[in-house]
Every structure is written in C-alpha cells, then in structure tokens.
C-alpha cells in the first residue's frame, strides 16, 4: 500500500496508448463495466453475463491485462479478473496534468 505522501509514477506514453486503445473498444468497455459493477469475475461468469463468445472474452481480457486495466489472480484452477484500480488513478492523474499543461 502506498504511503500518504508517496508520489504515483506517471504512466508512459506506451501505457497511455494501450489503455486508450482498449477504452475505445466497445467489447473492452463492456467487460470493464461488468468488472466494475461486480467487483471481480471468472471468465465463465463474464461470458455468461455478456453473451460474448469464449474466444472474444479471452482475447479482450488478454488485451486488457496487457494494457494494465485489468488484473488477474489465480485461485486453484480459476483465474479471477478485476479492475486494476491503481492504474486508472495513474491514468487520471496523467490526463489531469496534461490538460493543465496544454
């Protein structure tokens, strides 16, 4: 956990680009919305809730993981997915700084 006065490192340009790409994808937004509302999800529960195919959900979760927007935790034989909230904070701060400077 971060200490109160510890600075959050700004995201790199590549991290921002990867996140922006995923945030402009309707399928990714649907998965992010599901994870936000439910708090977490197994791939099977995400498939059931969104009616996307297994391959679509798998592909998008991988892209969201790569972009840093989603985290994955192994539990027994399952992967549990959730929003990577600290990454959203980093992106929000970076956008705020950019808007102030430009």
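Numbering (the UniProt record's numbering), first residue to last: 1 to 102. In this text, a Cβ means the ideal position worked out from N, Cα and C, and glycines have one as well. Since the structure is predicted, the reported quantities are computational estimates derived from the model, not experimental observations.
Element boundaries [beta strand (DSSP E), containing residue i]
i, result
"residue 75", "70 to 75"
DSSP state of residue i mapped onto helix, strand, coil
i, result
"residue 14", "helix"
"residue 135", "Past the edges of the chain, shown from 1 to 102, lies residue 135, and the structure says nothing about it."
"residue 41", "strand"
"residue 24", "coil"
N- and C-terminal bounds of the alpha helix (DSSP H) containing residue i
i, result
"residue 9", "Taken as a continuous stretch (DSSP letters only), residue 9 belongs to no alpha helix (DSSP H), as it is neither H nor E."
Residues sharing a beta bridge with residue i, DSSP
i, result
"residue 80", "42 and 73"
Sequence-distant residues of its chain with Cβ nearer than 7 Å to residue i (five each side left out)
i, result
"residue 103", "In the structure as shown, the chain starts at 1 and stops at 102, and residue 103 therefore has no counterpart that could be examined."
Cutoff 6 Å; reference residue i; Cβ partners in own chain excluding five residues on either side
i, result
"residue 73", "80"
"residue 71", "82 and 84"
Is it true that the region 23 to 34 meets the region 57 to 70, where meeting means three or more beta-carbon pairs spaced less than 8 Å apart? With the cut-off at 8 Å, the region 23 to 34 and the region 57 to 70 touch.
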